[in-house]
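J.:
2 protein chains.
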Amino acid sequence: MCFYTGRYASSHGAQWNNFPLRVGEHTLGDHLRRAGMECWLLGKTHMKADAEGMVRLGLSPDSTIGARQAECGFDAWIRDDGLWGQGPDGFYDERRSPYNEYLRSKDYPSQNPWADFANAGLDGDQIASGWFFANSDRAANIREEDSETPWLTTQTIDFMEKNDGPWLAHVSYIKPHWPYIVPAPYHDMYGVSHVMAPLRHEAERHNPHPVYGAYMQNRIAAAFQQDKVRNKVIPAYMGLIKQCDDQLGRLLDHLERTDRWHDTMIVLTSDHGDYLGDHWLGEKELFHEQSVKVPLIIFDPRTEADGTRGTTCEALVESIDLAATFVEAAGGEVPSHIIEGRSLMPWMRGETPKWRDFAISEYDYSATPQAVALGVAPKDARLFMVFDGRYKLIHAEGGLGHLLFDLRDDPNEFYDLSGSDSHDDIVDRLYGHLAQWGRRLSQRVTRSDADIAAMRGKSLRKGILPFLVDGNEVDEDLTQFYRGKAPADFTKGE
Amino acid sequence: MCFYTGRYASSHGAQWNNFPLRVGEHTLGDHLRRAGMECWLLGKTHMKADAEGMVRLGLSPDSTIGARQAECGFDAWIRDDGLWGQGPDGFYDERRSPYNEYLRSKDYPSQNPWADFANAGLDGDQIASGWFFANSDRAANIREEDSETPWLTTQTIDFMEKNDGPWLAHVSYIKPHWPYIVPAPYHDMYGVSHVMAPLRHEAERHNPHPVYGAYMQNRIAAAFQQDKVRNKVIPAYMGLIKQCDDQLGRLLDHLERTDRWHDTMIVLTSDHGDYLGDHWLGEKELFHEQSVKVPLIIFDPRTEADGTRGTTCEALVESIDLAATFVEAAGGEVPSHIIEGRSLMPWMRGETPKWRDFAISEYDYSATPQAVALGVAPKDARLFMVFDGRYKLIHAEGGLGHLLFDLRDDPNEFYDLSGSDSHDDIVDRLYGHLAQWGRRLSQRVTRSDADIAAMRGKSLRKGILPFLVDGNEVDEDLTQFYRGKAPADFTKGE
């Protein structure tokens, strides 16, 4: 939602999976369409519509406006959230799955071929579900070209053939998301010898911060603390990534073949990293670099970007910056009273703009077992990260204190310095940044700075004249409607 | 807007006059109607509709939903914002004025009888406009019963006769708002002898905080620093208030006569105070008690409130608490993920709930000449007050520093202590409250705490089973859809 709105999580409020984005929140689609660019979704988004808010405002999901509200501002070319799990309480996601429909059209004999073929291997003649790590080294029981990543690539090529644009296409691959299983030849392209040792340290387990401690003890962490799990999962994970690379190659080849290289900007990123056992953790929670630092590669074909081609930008870039970047790339003006991120285009052009001094990341763990384990109220189950390029402060609400890492002296983030008095000044400084950020202007979305400048003094010329002693203080034309002969006298009574 | 939403200004974003309240923002009307209570507006509101947002969402102001969005969640029985000023650039407010229509129907011979009669006196046969302080001691050229306050009272009685309810009626008098002029007999009921000396001190003018300094130098302050202005304005102001008192009496008599005393809760309050020359200031800006401390009288007819009748509550109550109070009074449940205020009903019942430790007030002066004079960017032209019952810290964004008052030792707030090192700990403590408040959860409006608790663990029973080694870790029914004979084998290629 931060990518889609260009706003911080606590500004847009959809802070976790299945927290609906409130109706009316401005999205990239709103801004781009205003700048003359279409905005399409292909693949996965976990955007949850604010169905209650839509009913309250009388918006039907069948209308164009309603559909965009329900799809986070995108026009959905093909949406498939890619999690077609089924259990005793039914399907996790009750929408239609274009991907499952595709597989059925290809004669995969199942009501849920996503589960039975794309995300399962074979154990003899038995289903070996990719949900279970024990099966992650098996080949998925599917033709490679029918698996999720090639399928979405084919859809994207089809989209590009049918739409001249200008458009933004959010091509959103579900993989390498779990279930961790990949078809041949990717399933055995990597093996145990490719699995790096986990980056973790015994010091981390000694009296850890309570939230970190709770996460180290959960089911995910317990799994990834085991070599047998890592040795099964990571080669499959690498295979899934290699498949993504290859499919990205297909997309790039298509752009080259159709001569659209020169006018297509390409941005590759991800919404989170993955611990995979580092720091005794699994998955994507918390703020170590493994989780919070995501890839971001921007290819801008324009000559203005030639000077920075192939270079790396070390600035404190945030996910919210992409929305601003895309609005500028589309030729629009970034509405800085709505989008909190900043356009990266100056960096692309080799400029060195005055930039933010600290990056923020937020995490709401209210819906997790960790919040229950810690006895933290939902409103307090929130974490904030402030990083100034060297020091990283993590602040936990609910009186749960801080973590502090010095990434220059401790790039692996093994040693929490928050308990050391000698770092009080650093904690104070970073906490001050966080306090200032907390008071940021994020909701004045109906008035731009320019609107405000234009408001100043306007009422005077529309007859609002308070605080004059006798009217002679201002030009005569301002008081013209308040002078003259009285049309009647009512002061004497009836 | 804080009263109407039960949310802080920086949560709802409509931080100043004519900053539209964003479409979809939850209002008192939404909450009350859900609890089975109507929500009506009579009189003034400076709510500005988010016309752009309504167009974006396809909402017509003519529809019921659209009209409520445009009227801040109220059904408008009769809306009249009461500022029918006219100048060379036209009318300040381009809506229709029911009050002007009423006056014309009563044969006041003018296109704008609000200006020519209700808010003007006579100087011989000439209009003596109430806009000018020099005329404030004249009688308004209108029959008293036709002036604004009696007119709205009559409208309210008419409303009550036609609507059985249950309803909330926001009866919003424009007066004693400027223009300062009142009809006989109120115009000479008070005189110079009733004007108290201004509460101000030379110490305040010595090296003041830059924002305070800028306000002390504006046109409003300059006017109210003069005795000749105060001596003209304050008697008229007192007359206007006495007229309000008398008209409130009419309303109360009507309730008594119609036997609605026993089931009508009455709340009297105001949206700001007035300096009237105190602290060298005029009007309502900044955070001295004259401005920020408003009257709040609640009459609850129920026996549960008998124990506190006639008593005063010293708790740190905020304007946002009223919305919560009204929802509880209507029998609804206060949606604490949307309404940030807290119901006052426990205090009414004589309970002593655990309460907030500090009160917050906010002020956005971006559209004022003071922001221009100080060279402050619109986003930084904001002030925050934190008050713990004794100390009051005022924090100015944009690096403009603090003010600190000790209301126990300096109840008149003459001495800014922020420059004194001996108060560093107090500043730190209050600033810490402000920082915590800044990170409050204010935008997660689509998920309640109860929703979040209900989300926990639900996905497991809907087939989302990550982080299992072989599936034997969980009950067999959870994995039933991921086991069994494979329907086909695609692993061998075509």
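Residue numbers (our numbering), protein chains in the order written: chain H, 9 to 502; chain Y, 9 to 502.
By construction, the Cβ of each residue, glycine as well, lies at the ideal position given by its N, Cα and C atoms.
1) Check whether the Cβ atoms of Met62 of chain Y and Cys80 of chain Y sit closer than 9 Å, and answer yes or no.
2) For the region 112-128 of chain Y, which residues have a CB atom closer than 8 Å to at least one CB atom of chain H, in sequence order?
3) Identify, in the order they occur along the chain, each residue of the same chain with its Cβ nearer than 6 Å to the Cβ of Cys321 of chain H, setting aside the five sequence neighbours on each side.
4) Does the CB of Trp139 of chain Y have a neighbour CB from chain H at under 9 Å?
5) 9 Å is my cut-off, CB to CB: does Ala332 of chain H come that close to chain Y?
6) Along the chain, where does the beta strand (DSSP E) containing Met393 of chain Y start, and where does it finish?
7) Tell me whether the beta-carbon of Ser426 of chain H lies closer than 9 Å to the beta-carbon of His441 of chain H.
8) Is the beta carbon of Gly95 of chain H closer than 9 Å to that of Leu65 of chain Y?
9) State buried or exposed for Glu348 of chain Y, treating a residue as buried only when at least 16 other CB atoms are found within 10 Å of its CB.
10) Looking at the structure shown, is Leu330 of chain Y part of a helix, part of a strand, or coil, going by DSSP?
11) Spell out the partners DSSP gives Gly510 of chain Y in its beta bridges.
12) Would you grab the beta carbon distance between Met393 of chain H and Ile368 of chain H for me? Rounded to a whole angstrom, and I think it's under 8 Å.
13) For the beta strand (DSSP E) that contains Lys400 of chain H, what are its first and last residues?
14) Sorted by chain position, which residues of the same chain lie with C-beta nearer than 8 Å to Gly315 of chain Y's C-beta, five sequence neighbours on each side aside?
15) I need the DSSP call for Phe27 of chain H, collapsed to helix, strand or coil.
16) Can we say the region 27-47 of chain Y touches the region 44-55 of chain H, given the rule of at least three CB pairs closer than 8 Å?
17) Residues in its own chain within less than 7 Å of Lys114 of chain Y by CB, not counting five upstream and five downstream?
18) Ignoring anything shorter than 4 residues or poking outside the region 198-249 of chain H, list the alpha helix (DSSP H) runs there in chain order.
19) Below 8 Å on C-beta distance, what does Ile189 of chain H contact in chain Y?
20) Between the region 335-353 of chain H and chain Y, which residues of the former have a C-beta closer than 7 Å to a C-beta of the latter?
21) So with Cβ pairs under 9 Å, would you call Glu405 of chain Y a contact of chain H?
22) Please report whether the beta-carbon of Tyr490 of chain H lies at a distance below 9 Å from any beta-carbon of chain A.
23) DSSP beta-bridge partners for Lys493 of chain H?
24) With 16 as the cutoff for other CB atoms within 10 Å, does Ser201 of chain Y come out buried or exposed?
25) Can you give me the C-alpha to C-alpha distance between His270 of chain Y and Ser18 of chain H, rounded to a whole angstrom?
26) Which value, in whole angstroms, describes the spacing of the CA atoms of Asp235 of chain H and Gly285 of chain H?
27) Going by the DSSP bridge assignment, what does Cys47 of chain H pair with across the sheet?
28) Taking 9 Å as the CB-CB limit, is Phe27 of chain Y close to chain H?
29) Leaving aside the five residues before and after Met224 of chain H along the sequence, list all residues of the same chain whose C-beta is less than 6 Å from its C-beta, in chain order.
30) Taking the straight line between their C-alpha atoms, what separation do you get for Ile135 of chain H and Ile86 of chain H?
31) Give the single residue among Y:Asp253, Y:Ala332, Y:Met204 whose Cα lies nearest to the Cα of Phe232 of chain Y.
32) Quick one: Cα of Leu263 of chain H to Cα of Pro309 of chain H, how far?
33) For Thr333 of chain H versus Val275 of chain H, is the C-beta distance shorter than 9 Å?
34) Helix, strand or coil for Phe140 of chain H, going by three-state DSSP, please let me know.
35) For Ser18 of chain H and chain Y, any beta-carbon pair shorter than 9 Å?
36) Under 7 Å Cβ-Cβ, which residues of chain H neighbour Ile460 of chain Y?
T.: Judging by the given coordinates:
1) no
2) Tyr116, Pro117, Ser118, Asn120, Ala123, Asp124, Phe125, Ala128
3) Trp355
4) yes
5) no
6) 390-395
7) Result no, Cβ atoms of Ser426 of chain H and His441 of chain H do not sit closer than 9 Å.
8) Against a cut-off of 9 Å, the Cβ pair of Gly95 of chain H and Leu65 of chain Y comes out as no contact.
9) buried
10) helix
11) Outside the displayed span of chain Y (9 to 502) sits residue 510 of chain Y, for which this structure offers no information.
12) 7 Å
13) 399-404
14) Arg357, Gly358
15) coil
16) no
17) Result list for Lys114 of chain Y: Asp154, in chain order.
18) 218-224, 227-232
19) Within 8 Å Cβ-Cβ: nothing; Ile189 of chain H doesn't reach chain Y, min ~12 Å.
20) none
21) yes
22) No chain A appears in the structure shown, which is made up of the protein chains H and Y.
23) Partner(s): Y:Gln134.
24) exposed
25) A straight-line Cα-Cα distance of about 44 Å links His270 of chain Y and Ser18 of chain H.
26) 9 Å
27) H:Leu176
28) yes
29) So the qualifying residues of the chain are Trp288.
30) 29 Å
31) Per the Cα distances, Y:Met204.
32) So the alpha carbons of these two residues sit roughly 12 Å apart.
33) yes
34) In the structure shown, Phe140 of chain H sits in a strand (DSSP, three-state: E or B).
35) A Cβ of chain Y is located within less than 9 Å of the beta carbon of Ser18 of chain H.
36) Ser374, Ala375, Pro386
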